[in-house]
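*Asks:* Residue numbers (the numbering used here), protein chains in the order written: chain L, 16 to 360; chain W, 16 to 360; chain R, 16 to 360. Virtual Cβ for every residue (Gly too), placed ideally from N, Cα, C. Submitted below is the structure of interest, expressed as structure tokens.
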Amino acid sequence: MGYVRNAWYVAGWHDDVADRPYPVSILGERIVLWRSEGRLVALEDRCIHRFAPLSLGRCEAGRLRCMYHGIMFDADGAIAEIPGQDIIPPNARARSYPVVEKHSWIWVWMGEAARADEALVPPAVGLDDPNFILGRGHLDYAAEARLINDNLTDFSHLSFGHANSFQTGMDFADRQPKITPVARGIRVDRWNVNAERRLASGENVFGDTFASYDFLIPGVLLMWSGSYPAGTAERLNFETPDFDDAIAAKNFTSQAVTPTGDKTSCYFFSWGPDSATGTPELRDAMMALAGMAFNEDKVMIEAQQRVIDGHPAARIMPTAHDRGVGMFNRLVDSLARAETESAAA
Amino acid sequence: MGYVRNAWYVAGWHDDVADRPYPVSILGERIVLWRSEGRLVALEDRCIHRFAPLSLGRCEAGRLRCMYHGIMFDADGAIAEIPGQDIIPPNARARSYPVVEKHSWIWVWMGEAARADEALVPPAVGLDDPNFILGRGHLDYAAEARLINDNLTDFSHLSFGHANSFQTGMDFADRQPKITPVARGIRVDRWNVNAERRLASGENVFGDTFASYDFLIPGVLLMWSGSYPAGTAERLNFETPDFDDAIAAKNFTSQAVTPTGDKTSCYFFSWGPDSATGTPELRDAMMALAGMAFNEDKVMIEAQQRVIDGHPAARIMPTAHDRGVGMFNRLVDSLARAETESAAA
Amino acid sequence: MGYVRNAWYVAGWHDDVADRPYPVSILGERIVLWRSEGRLVALEDRCIHRFAPLSLGRCEAGRLRCMYHGIMFDADGAIAEIPGQDIIPPNARARSYPVVEKHSWIWVWMGEAARADEALVPPAVGLDDPNFILGRGHLDYAAEARLINDNLTDFSHLSFGHANSFQTGMDFADRQPKITPVARGIRVDRWNVNAERRLASGENVFGDTFASYDFLIPGVLLMWSGSYPAGTAERLNFETPDFDDAIAAKNFTSQAVTPTGDKTSCYFFSWGPDSATGTPELRDAMMALAGMAFNEDKVMIEAQQRVIDGHPAARIMPTAHDRGVGMFNRLVDSLARAETESAAA
Chain L
16 MGYVRNAWYV
26 AGWHDDVADR
36 PYPVSILGER
46 IVLWRSEGRL
56 VALEDRCIHR
66 FAPLSLGRCE
76 AGRLRCMYHG
86 IMFDADGAIA
96 EIPGQDIIPP
106 NARARSYPVV
116 EKHSWIWVWM
126 GEAARADEAL
136 VPPAVGLDDP
146 NFILGRGHLD
156 YAAEARLIND
166 NLTDFSHLSF
176 GHANSFQTGM
186 DFADRQPKIT
196 PVARGIRVDR
206 WNVNAERRLA
216 SGENVFGDTF
226 ASYDFLIPGV
236 LLMWSGSYPA
246 GTAERLNFET
256 PDFDDAIAAK
266 NFTSQAVTPT
276 GDKTSCYFFS
286 WGPDSATGTP
296 ELRDAMMALA
306 GMAFNEDKVM
316 IEAQQRVIDG
326 HPAARIMPTA
336 HDRGVGMFNR
346 LVDSLARAET
356 ESAAA
Chain W
16 MGYVRNAWYV
26 AGWHDDVADR
36 PYPVSILGER
46 IVLWRSEGRL
56 VALEDRCIHR
66 FAPLSLGRCE
76 AGRLRCMYHG
86 IMFDADGAIA
96 EIPGQDIIPP
106 NARARSYPVV
116 EKHSWIWVWM
126 GEAARADEAL
136 VPPAVGLDDP
146 NFILGRGHLD
156 YAAEARLIND
166 NLTDFSHLSF
176 GHANSFQTGM
186 DFADRQPKIT
196 PVARGIRVDR
206 WNVNAERRLA
216 SGENVFGDTF
226 ASYDFLIPGV
236 LLMWSGSYPA
246 GTAERLNFET
256 PDFDDAIAAK
266 NFTSQAVTPT
276 GDKTSCYFFS
286 WGPDSATGTP
296 ELRDAMMALA
306 GMAFNEDKVM
316 IEAQQRVIDG
326 HPAARIMPTA
336 HDRGVGMFNR
346 LVDSLARAET
356 ESAAA
Chain R
16 MGYVRNAWYV
26 AGWHDDVADR
36 PYPVSILGER
46 IVLWRSEGRL
56 VALEDRCIHR
66 FAPLSLGRCE
76 AGRLRCMYHG
86 IMFDADGAIA
96 EIPGQDIIPP
106 NARARSYPVV
116 EKHSWIWVWM
126 GEAARADEAL
136 VPPAVGLDDP
146 NFILGRGHLD
156 YAAEARLIND
166 NLTDFSHLSF
176 GHANSFQTGM
186 DFADRQPKIT
196 PVARGIRVDR
206 WNVNAERRLA
216 SGENVFGDTF
226 ASYDFLIPGV
236 LLMWSGSYPA
246 GTAERLNFET
256 PDFDDAIAAK
266 NFTSQAVTPT
276 GDKTSCYFFS
286 WGPDSATGTP
296 ELRDAMMALA
306 GMAFNEDKVM
316 IEAQQRVIDG
326 HPAARIMPTA
336 HDRGVGMFNR
346 LVDSLARAET
356 ESAAA
């Protein structure tokens, strides 16, 4: 299975890139992020001269100079100066990537620049959103991004993998959520009826709890949830409630999975309560939980990767809970195949 | 050169496996050991669903549950439960390996289950044998098992590699032992006549010393030795003496070499004096010596492996001392070839 | 691009090899250096028996014994003894390499022994040369030697990479040096006119400064430089001055790049002032600078190697400053190609 190239991949947090070149790797391509007079720029992280990384270079008044032999690049990748040489070869330039800063993340478009469309940036919730009190973090994975995507499109693993951290009960394993296709992704909705308990985070969950997340190309999870008075689920015929009507445990999480190199990934996440009922202390308790839980996933998924590496030909045996996994992976496959065919045409 | 599959490989010490799944690797295959209501079980360490390792799972009343999405396995590898799904695919199961616990070691049969025969477990001496006071240890090797087998089937290296630790003289290098074939292995006998000296271990060796070891498929060394009154060797016409007649320096060592992964191995060993004349202190002194000596081997063999890796096509030049090495390797080759032909037929 | 085999490669400092076998690696070949009754010897570091490294062996009266099974080698690689065996196979021997000790370095000839010619040893300045007060060092590189050669045949990088350490100005980037072919290499000469400043080393540079280096097969840089009264460059029509006429900042550096393994290298260097005007304190200040600067190169070149590894098919874009790089690389190519053709004929 490949990855979709015509998509916005999270490269880092907005404040990762300040006044110095910042190296990232996406889909195995080395990219240097920097700011040219305030404007975010993404170039291939490779001088066209002798392949020194531009991320070891120096920002000079809106330009980036390779600090090996001094070749200078404009923000669009064009060469502005070659020391000791007057003529600049007309076609020589560093590849430039479309890049936007949105919702506190830096997003890089890995496909055809002409097709980069800001409207396709998934509607994550930024750290500065006044409606939520968010914490953030990231994990480097020694595993392929697709394994993390599989993890995030099947929450039945919560009942086993996160029984200790999130104190998830058997409901996630026993019952299927409602899964529907959305634009460039899937939506996963789940009512948890009469779930009276105190979460490890200190939040009280009671009555009926609803959670809904979209999992979007290339690997972005956006989830909100809240608690409602007992009887709400049935009254709404198990349809989606209004977030505003939730009376407790309202929160939002944005998560993004970026394939970095060969069997490595980066997992970015934010989470926190709504600002009306939450507090920074609750956010910190939730982030401590997330730290535990996401590490439980990392241990399992990296071990899974090692097993796969030793059995490259083995075939998985999907279960009923793999419906969301399959929907999302088929979407990725069809988009990736279309890209390949379009490139070959 | 390959390895024989229809053989019992040492996977660990009997007490390595208690109430939690225990991962091992043999011939590059990941295996999880656990106890199902007291009975030792060996399954492939790979959930059939999405290849999470079962060694990260949980033992539940005689069964093993994968802790990623909760698939539950019976002791024979059959699937007992798939969360969220009523139907269990009839042929879905984890591969099960024959396994026995004997002589303080856990032995796994890597070949056809139908041919697994407990009578083929090499007659090692267990730690609980009342006739000996044994210590134990193991070393992880960054080298192929066959190189350790080569080391153990030619003791001429003792004169050079272990001159400091075992204080071995030149006799091992100068004279050939008597080597005879035995069932699934070779026997190496050596009289050392008039070997009057105090060993570094504190043992006194005097008169005539005899040592005999069997080196058995897949790579198990079982050796006893003892000292006899001067003249015994000649009186017995250099045939094998009775162990009971030894008057000093009686001891036994069991050693097992297990290929684990690609160019990695595990070397298990026990050693100690007989309980009639030995003491725990002597055992400890012997084990300290063994620790030094076995590390001398490890340094040499791992370096040898690195040289071989850089010269994969180079051909060895056997010497007169390689007779035992050759006998054993030809036996391995013929058994491995027969297995391959039988599998192809 | 390959490397020239018919050349002397620096294997180490003269005093690296004393009374114990010393392992080195050149062009991916493991070699053991030792002294046989005072005479330096280089053999392949691999026992012909079972490939144990001879560098783990023991020197015995002019011979080297493998300490695995005791095979003994003469200084020319012939087998002197096989324990337990009377007959020595007539053609069995370890490969021997021509080796000389000269200018404080140990040089190994990697090509045809018959063509080894001491006259081809580059005229480095040894640590014991009475005309200079030299310090020395070496760096292990996780990069191919050819990248370090490229670095040393284009000093325009000094203006960017070493602006902090050597306090190099823009002259190196702005102006080309004079480059001429010499036997088995190139010569790079540079006048720096009216360069009045105090170096970070504490040396005062004033008037006109001249530096000239030869870069010789296989990768040896030999450079002298000195300061002259203002006007000297013009008076000499920018030709080469006499070293003896320099009035300050006289120094010499010898540097050697040796390919060791796959994408690894060793970089040996000495540097220091002339003994007439220099002091040990000045040498130490210069070596501290060199330590900074050479590490700046190492950081850049190792990063460059990683980028190249990810883009093996990418083509460099040479600049005007690459003239020396190109001259030297074409020389290497033509010599290496001639060797290949001669071997095939």
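Taking H118/L as the reference, which of N106/L, G141/L, I316/L has the closest Cα?
*Replies:* Nearest C-alpha to H118/L: G141/L.
*Asks:* Listing by chain order, which chain R residues have their CB less than 7 Å from the CB of R61/L?
*Replies:* Those within 7 Å of R61/L in chain R are V322, H326.
*Asks:* Taking three-plus beta-carbon pairs below 8 Å as touching, is the region 19-35 of chain W in contact with the region 98-106 of chain W?
*Replies:* In short, these stretches do not touch, since the Cβ pair count stays below three.
*Asks:* Between the beta-carbon of Q320/W and the beta-carbon of A157/W, is there less than 8 Å?
*Replies:* Going by C-beta atoms, Q320/W is nearer than 8 Å to A157/W.
*Asks:* Measuring only the C-alpha atoms, how far is A139/R from V208/R?
*Replies:* Looking at the two C-alpha atoms, the distance is approximately 27 Å.
*Asks:* Using CA atoms only, rank isn't needed, just tell me which of S111/R, G126/R, Y112/R, P137/R is closest to W120/R.
*Replies:* The residue with the shortest Cα to Cα distance from W120/R is P137/R.
*Asks:* For a quick check, are the C-beta atoms of P98/R and H84/R less than 8 Å apart?
*Replies:* Yes; because the gap between Cβ atoms is below 8 Å, this pair is in contact.
*Asks:* Label E311/L either buried or exposed according to how many other C-beta atoms from any shown protein chain fall within 10 Å of its C-beta, with 16 as the threshold for buried.
*Replies:* Buried: at least 16 other Cβ atoms inside 10 Å.
*Asks:* I believe G72/L touches P36/L by the beta-carbon criterion, under 8 Å. Please report the beta-carbon distance rounded to the nearest angstrom.
*Replies:* Contact flag correct, Cβ pair sits at about 6 Å.
*Asks:* Check the Cβ of G176/L against every Cβ in chain W and list those closer than 8 Å, keeping chain order.
*Replies:* Those are M82, Y83, listed as they occur along chain W.
*Asks:* Determine, using beta-carbon pairs with one atom in the region 340-356 of chain R and one in the region 164-184 of chain R, whether at least three such pairs fall under 8 Å.
*Replies:* Short answer: they touch.
*Asks:* Give the residues of chain L in contact with G99/W, contact being defined as C-beta atoms less than 8 Å apart.
*Replies:* In chain order: S171, A188, D189, R190, Q191, T334, A335, H336.
*Asks:* Report the neighbours of A226/W on chain R: residues whose CB is nearer than 7 Å to its CB, in chain order.
*Replies:* Within chain R, no residue comes near A226/W; the closest Cβ sits about 17 Å away, beyond 7 Å.
*Asks:* Would you mind stating whether A6/L and V220/L have Cβ atoms separated by less than 8 Å?
*Replies:* It is not possible to answer for residue 6/L, since the shown part of chain L is limited to 16 through 360.
*Asks:* Below 8 Å on C-beta distance, what does H64/L contact in chain R?
*Replies:* Going along chain R in sequence order, the residues near H64/L (Cβ under 8 Å) are I331, M332, P333, T334.
*Asks:* Which runs of the beta strand (DSSP E) spanning at least 3 residues fall entirely within the region 91-164 of chain R, listed in chain order?
*Replies:* Those beta strand (DSSP E) runs which fall completely within the region 91-164 of chain R and span 3+ residues are 94-96, 114-117, 120-124, 150-156.
*Asks:* Quick one: give me the first and last residue of the alpha helix (DSSP H) that E254/L is part of.
*Replies:* Looking at the DSSP string, E254/L is not in any alpha helix (DSSP H), and its letter there is neither H nor E.
*Asks:* Would you mind giving the Cβ-Cβ distance between F66/W and A329/L, rounded to the nearest angstrom? I have them listed as a contact below 8 Å.
*Replies:* About 6 Å separates the two Cβ atoms, so the contact holds.
*Asks:* Show which residues of chain R have a CB atom less than 9 Å away from the CB atom of P68/L.
*Replies:* Those are M315, A318, Q319, R321, V322, listed as they occur along chain R.
*Asks:* For a contact defined as C-beta to C-beta under 8 Å, what are the partners of I45/L on chain R?
*Replies:* Looking at the sequence provided, one finds Arg at residue 45/L rather than Ile. By Cβ distance, chain R contributes V322, G325.
*Asks:* With a threshold of 8 Å between beta-carbons, can D165/W be considered close to chain R, or not?
*Replies:* Judged by the 8 Å Cβ criterion, D165/W is in contact with chain R.
*Asks:* Taking all protein chains shown into account, decide if D259/R is buried (16 or more other Cβ within 10 angstroms of its Cβ) or exposed.
*Replies:* The residue is exposed, with fewer than 16 neighbouring Cβ atoms inside 10 Å.
*Asks:* Does the beta carbon of A107/W sit closer than 8 Å to a beta carbon anywhere in chain L?
*Replies:* Interface residue, yes.
*Asks:* Helix, strand or coil: which one does DSSP assign to F203/R?
*Replies:* It is worth fixing the name first, because residue 203/R is Val in this sequence and not Phe. It is a strand residue.
*Asks:* Check the DSSP bridge columns for Q362/W and list the partner residues they point to.
*Replies:* Nothing can be reported for residue 362/W, as the shown portion of chain W is limited to 16 through 360.
*Asks:* Which word fits S269/L, buried or exposed, when buried means at least 16 other C-beta atoms lie within 10 angstroms of its C-beta?
*Replies:* Buried, because 16 or more other Cβ atoms sit within 10 Å of the Cβ of S269/L.
*Asks:* Return the Cβ separation of F284/L and F309/L in integer angstroms, given the expectation that the two are a contact with Cβ distance under 8 Å.
*Replies:* 7 Å between Cβ atoms; contact.
*Asks:* Report the residue from I94/W, D223/W, N21/W whose alpha carbon sits nearest the alpha carbon of E249/W.
*Replies:* Ranking I94/W, D223/W, N21/W by Cα distance to E249/W puts D223/W first.
*Asks:* Measuring only between beta-carbons, confirm whether P274/W sits less than 8 Å from chain L.
*Replies:* Taking Cβ atoms only, chain L never reaches closer than 8 Å to P274/W, which makes this a no.
*Asks:* Output the distance between the C-alpha atoms of T195/R and E254/R, rounded to the nearest integer angstrom.
*Replies:* About 12 Å.
*Asks:* I think I102/L touches I94/L, with their Cβ atoms under 8 Å apart; what is that distance to the nearest whole Å?
*Replies:* About 11 Å separates the two Cβ atoms, so there is no contact after all.
*Asks:* Exposed or buried, T273/L, counting other C-beta atoms within 10 Å across all chains shown (16 or more means buried)?
*Replies:* Buried, since its Cβ has 16 or more Cβ neighbours within 10 Å.
*Asks:* Assign I316/R to one of three DSSP states: helix, strand, or coil.
*Replies:* Residue state, collapsed to three classes: helix.
*Asks:* With C-beta atoms as the reference, is D289/W less than 8 Å away from F88/W?
*Replies:* For D289/W and F88/W, no; Cβs fall outside 8 Å.
*Asks:* Buried or exposed: where does R352/R fall if 16 or more other Cβ atoms within 10 Å of its Cβ makes it buried?
*Replies:* Classification for R352/R: exposed.
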